Amino acid sequence: MYKHKDLLGIREMSAEEIGFLLDTAGPMKEIIKRQIKKVPTLRGKTVVTLFYENSTRTRGSFELAAKYLSADSINMSGSSSSVAKGESLYDTGRTLQSLGADVIVLRHPMPGAPRLLARSVKAAVINAGDGAHEHPSQALLDMFTVREKKGGLAGLRVVIVGDIMHSRVARSNIWGFTKMGAEVRVCGPSTMIPVGLEETGVQVFHQMDQALDGADVIIMLRIQKERQQQGLFPGLREYSRLYGLNRRRLELAAGDALVLHPGPMNRGVEIAADIADGSQAVIEEQVTNGVAVRMALLYLLTGGGAQ
Ligand code: CP
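The sequence shown begins at 40 in the working numbering and counts up one residue at a time.
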């Protein structure tokens, strides 16, 4: 069961709750494979996506998820709403609630913003990415994709490569895969790995060839080019040479290893184009599964799990 009002992070979820959410996404995927992708489940409910940062995948899939479940949906961005006139997150949330929102999906650059909003409104709040903190629905769709392909998560060797320090995707996936019994390795330059991360049970590597040894799942992270100004890595070419996933490196992993990337990708930097388009990549399936997982979230957070 998932009995919480909101989805704020994977950290506060139990393995049972994660498993239940992934189980609920299975039938949702059946719906999106149909020719007519529409069920009346959320008729009369209102879903608002409120994005203070750019997004293609997360926003698009939450919007589609709401539509496939027959909810009414409105989409707001920081730049096109009264936020641009200085309205606070609290007042924006209360206004959306007065407009009838049952669910508010929030992306915000400040860690903790979804928690603040969740305390301020009766509507369910879904964290769609808060700064470098968490991106729980991304981790859920990653786990759904891997579980679908591998039949389970326990015992898998999952390697996350890149800027772990600034990645909300990495943080949510570390919590998620660890709770589900996978062995999690992270790999990147020491400037991009938080000090003390080993204490969470994660293995830290700085040499990619060593990290990939026997990997069942490889999650490549986007290199955030803006970090280059901060001197966290010498240059894109150097980064690619040390931490880019190419054919030779992929062969160090298990023969049936899966390659994931949350997107958007920098082809030729963190991932070679032939790997991104290759048979082991499940990057496009991640996007499709994102709709199913977000349908499950909207369903459960509007009381579906209690029915
Ligand atoms: N994975 C992800 O969050 O992508 P978007 O920024 O396009 O939503």
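Each residue gets a CB set at the ideal place from its N, CA and C atoms; glycine is no exception.
Quick caveat: nothing in here was measured; it's all calculated off a predicted structure.
Checklist entry - I think leucine 260 touches valine 326, with their Cβ atoms under 8 angstroms apart; what is that distance to the nearest whole Å? => result Counted from its first residue, the sequence shown places residue 260 at position 221. Counted from its first residue, the sequence shown places residue 326 at position 287. Contact flag wrong, Cβ pair sits at about 16 angstroms.
Item to check | Contiguous alpha helix (DSSP H) assignments of at least 4 residues, all confined to the stretch 197-221 | outcome: Taking 4 residues as the shortest admissible run, the stretch 197-221 contains the following complete alpha helix (DSSP H) segments, listed from N- to C-terminal end: 207-218.
Next on the checklist: Which residues does DSSP list as the beta-bridge partners of leucine 297?
Outcome noted: Locating residue 297 in the sequence shown gives position 258, counting from the first residue. Bridge partners of leucine 297 according to DSSP: Val256.
Next on the checklist: Quick test of the definition: if touching needs 3 or more C-beta pairs under 8 angstroms, does the stretch 198-207 touch the stretch 243-257?
Outcome noted: Yes: the two stretches touch, three or more of their Cβ pairs being nearer than 8 angstroms.
Checklist entry - Is DSSP giving glycine 48 helix, strand or coil here? => result If you number the sequence shown from 1, residue 48 lands on position 9. Three-state DSSP puts glycine 48 in coil, outside helix and strand.
Next on the checklist: Using only the alpha-carbon positions, how far apart do aspartate 248 and isoleucine 75 sit?
Outcome noted: On the sequence shown, residue 248 is found 209 positions in, with the first residue counted as 1. On the sequence shown, residue 75 is found 36 positions in, with the first residue counted as 1. Roughly 46 angstroms separates the two Cα atoms.
Checklist entry - When burial is assigned at 16 or more other CB atoms within 10 Å of the CB, is glutamine 346 buried or exposed? => result In the sequence shown, residue 346 corresponds to position 307, counting from 1. Caution applies to glutamine 346, whose pLDDT of 49 falls short of 50 and renders its modelled position unreliable; the value that the coordinates give is listed next. With fewer than 16 other Cβ atoms from the protein chains shown falling within 10 Å of its own Cβ, glutamine 346 counts as exposed.
Item to check | Cβ neighbours of threonine 230 in the same chain (closer than 6 angstroms, five flanking residues each side left out) | outcome: Start at 1 with the first residue of the sequence shown, and residue 230 comes out as number 191. Sequence-distant partners of threonine 230 (beyond 5 residues in either direction) whose C-beta falls short of 6 angstroms from its own C-beta, in its chain, are Leu271.
Checklist entry - If we ignore side chains and look at the alpha-carbon of each, how far apart do valine 332 and alanine 123 end up? => result Within the sequence shown, the letter at position 293 stands for residue 332. Within the sequence shown, the letter at position 84 stands for residue 123. The alpha-carbon of valine 332 is positioned some 31 angstroms away from that of alanine 123.
Next on the checklist: What does the Cβ neighbour count give for leucine 138, buried or exposed, with the cut at 16 atoms within 10 Å?
Outcome noted: Residue numbering aside, residue 138 sits at position 99 when the sequence shown is read from its first letter. Exposed is the call here.
Checklist entry - How should valine 234 be labelled, buried or exposed, when 16 other C-beta atoms within 10 angstroms of its C-beta is the threshold for buried? => result Here residue 234 is taken as the residue at index 195 of the sequence shown, counted from 1. Flag for valine 234 reads exposed.
Checklist entry - Does at least one heavy atom of the ligand CP sit under 7 angstroms from the Cβ of serine 94? => result The residue given as residue 94 occupies position 55 in the sequence shown. Proximity of the beta carbon of serine 94 to the ligand CP is indicated: a heavy atom of the ligand is located closer than 7 angstroms.
Checklist entry - So, helix, strand or coil for glutamate 55, using DSSP? => result Working through the sequence shown from its first residue, we reach residue 55 at position 16. Looking at glutamate 55 - three-state DSSP - the assignment turns out to be helix.
Next on the checklist: Quick check: what's the CA-CA separation for arginine 288 versus leucine 251?
Outcome noted: Locating residue 288 in the sequence shown gives position 249, where the first residue counts as 1. Locating residue 251 in the sequence shown gives position 212, where the first residue counts as 1. Cα to Cα, the separation comes out at about 7 angstroms.
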